[in-house]
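Numbering (the numbering used here), first residue to last: 91 to 360. Here the structure is laid out as structure tokens; the discussion comes afterwards.
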């Protein structure tokens, strides 16, 4: 019976990529085939861990309800492909693989069970390995047919040549798709002028709807308004500033959403 060493299992929200904010179960594997200089976690087999067989680990994972997906992370989960062949058919949810994107052959062994791949592009300044793109080329080729996105870690040792190389490599993979919600269109330019100076809230066409929405939600953030009302970031941020000025929400508190200071029944008064 195959067993694997697991560093930890916990439920939290994804903090990176297009699924940021989605609730997941994170299964953190021991061991990694790379040694990045920015990594501050001991993933070795000698570190704290718990050993699981496939059925026991599946029972723990499946006990978590109402989560978007199961994040296999590490370390490097693809070092445990023999174990994953037993585990993944037992999981009752999407499989979200977080990987360093260097083990194409290992991915192919479990590809039918993987729904989403979050791959790191590793740079020489982080790993000490020259030309990691040759590994990534094979890996992304193996990912075809799976929803895949890549992340790049920039550290203090990165060079201008590396930045140029990774930009060129990224462009070579596929045509760029720009997020136009981050651009200011003509409507937003007009909206901007309504916030320059002392103007009534009614000059923001969606103001009343936005107030009702944040009061109902009990929280407010620019990203929340962007998603709900399809606003660009600049306009959403100005709305947040206006809500704070009007006493609807509290001040910024780091990366956390703003606290709503009024109750729903007071919505029309504010």
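Ideal Cβ placement from N, Cα and C applies to all residues, glycine included.
- DSSP places residue 313 in the uninterrupted alpha helix (DSSP H) bounded by 312-319.
- Inside the segment 222-248, DSSP marks whole beta strand (DSSP E) runs of 3 or more residues at positions 237-242, from first to last along the chain.
- Apart from the 5 residues on each side of it in sequence, residue 339 sits with its Cβ closer than 8 Å to the Cβ of 304, 310, 330, 333, 348, 349, 350 and 351 in its chain, given in chain order.
- With contacts defined as CB atoms closer than 8 Å, residue 93 and residue 143 qualify as a contacting pair.
- As the crow flies, the alpha-carbon of residue 254 is around 18 Å from that of residue 225.
- Measuring C-alpha to C-alpha distances from residue 308 to each of 323, 320 and 346 identifies 346 as the nearest.
- Around residue 186, the same chain offers 159, 161 and 206 as residues with beta carbons nearer than 6 Å, after the five sequence neighbours per side are excluded.
- Counting only the Cα atoms, residue 174 lies some 53 Å from residue 335.
- About 6 Å separates the beta carbons of residue 119 and residue 170, which is inside the 8 Å limit, making them a contact pair.
- In this structure, residue 183 sits near residue 157, with a CB-CB distance shorter than 8 Å.
- Listed in chain order, the beta strand (DSSP E) elements of length 3 or more contained wholly in the segment 198-224 are 206-211.
- According to the DSSP secondary-structure assignment, residue 119 is paired through a beta bridge with 96.
- With contacts defined by Cβ atoms closer than 8 Å, residue 220 and residue 190 do not form a contacting pair.
- In the DSSP assignment, residue 184 falls within the beta strand (DSSP E) that extends over 184-189.
- If you look at residue 141, you'll find it in the beta strand (DSSP E) that goes 140-143.
- Secondary structure of residue 349 (DSSP, three-state): strand.
- For the 8 Å CB-CB criterion, residue 203 and residue 178 form a contact.
- Sequence-distant Cβ neighbours of residue 126 in its own chain, meaning closer than 6 Å and more than five residues away, are 216 and 217.
- Per DSSP, the continuous alpha helix (DSSP H) segment holding residue 262 begins and ends at 250-263.
- Between residue 240 and residue 201 a beta carbon distance of about 17 Å is seen, past the 8 Å cut, so the two are scored as non-contacting.
- If you look at residue 180, you'll find it isn't in any beta strand (DSSP E); DSSP assigns it neither H nor E.
- In this structure, 166 is the residue among 166, 299, 248 and 234 with its C-alpha nearest to the C-alpha of residue 117.
- Counting C-beta atoms within 10 angstroms of its own C-beta, residue 312 has 16 or more neighbours from the protein chains shown and is therefore classed as buried.
- In its chain, beyond the 5 residues on either side, 223 have a beta carbon closer than 7 Å to the beta carbon of residue 259.
- Contact between residue 96 and residue 147 holds, with the beta-carbon distance rounding to 7 Å and staying under 8 Å.
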